[in-house]
Amino acid sequence: MFSSILTESAADEFDLLKDKWLEMLNGGNGFNISDTDFAAKIKQIQSDANTKHSRLNLAADRTYIFSNHKDPSVSSNVTGTHQSLKSLALAVSTKGAHNMAIQFGKPKSLKH
């Protein structure tokens with residue numbers, strides 16, 4: 001019984017930390033998307049994600065995710081794949097990133 005309390009507490013703490021980390025990455029909802037500084041950052045996030053999205057390999061028999069990171073035995077390709085996935089996730093979760101094809105009507109490639 002004691003261990004289940006600790007587990008629940010740890011899970012709650014993890015969720016809280018995860019939410020704080022996401023807010024640090026995407027700015028949360030507490031900013032004005034019309035502010036020029038925020039608008040510039042959102043534009044950069046969108047541009048980066050659109051580039052990454054255009055490189056997705058959607059083939060059913062794919063052995064890699066992004067066309068510019070094909071060989072998983074090369075560590076920079078593994079790192080690049082992770083960074084590309086992070087860019088897509090950041091764009092999907094950032095307030096104001098509304099004009100991206102991947103934000104609304106998420107294509108089959110990004111549905112979870």
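In UniProt numbering, the protein residues as written are 1 to 112. A virtual CB, placed ideally from N, CA and C, is assigned to each residue, including glycine.
Cut-off 7 Å between Cβ atoms - residues of its own chain near residue i, not counting five sequence neighbours on either side
| i | result |
| --- | --- |
| threonine 7 | none |
| threonine 79 | none |
| serine 22 | Checking the sequence shown, residue 22 turns out to be leucine, not serine. If we look at leucine 22 and ignore the five residues flanking it on each side, its Cβ neighbours are Ser93. |
8 Å Cβ shell around residue i - same chain, five flanking residues per side excluded
| i | result |
| --- | --- |
| alanine 97 | Ile42, Ile45, Gln46, Ala49, Ala91 and Gln103 |
| asparagine 77 | Tyr64, His69, Lys70 and Asp71 |
Cβ neighbour criterion (16 or more within 10 Å) applied to residue i
| i | result |
| --- | --- |
| asparagine 29 | exposed |
| phenylalanine 66 | buried |
| serine 9 | exposed |
| threonine 94 | buried |
Cut-off 6 Å between Cβ atoms - residues of its own chain near residue i, not counting five sequence neighbours on either side
| i | result |
| --- | --- |
| alanine 89 | none |
Inter-residue CB distance, residue i and residue j (contact presumed, cutoff 8 Å)
| i | j | result |
| --- | --- | --- |
| alanine 39 | isoleucine 33 | 6 Å |
Closest Cα partner of residue i within the set the options
| i | options | result |
| --- | --- | --- |
| lysine 52 | Asp37, Arg62, Ala60 and His69 | His69 |
| arginine 55 | Asp15, Leu85 and Ala11 | Leu85 |
| serine 87 | Leu58, Leu25 and Asp61 | Leu25 |
One or two residues paired with residue i in a DSSP bridge
| i | result |
| --- | --- |
| phenylalanine 66 | Leu56 |
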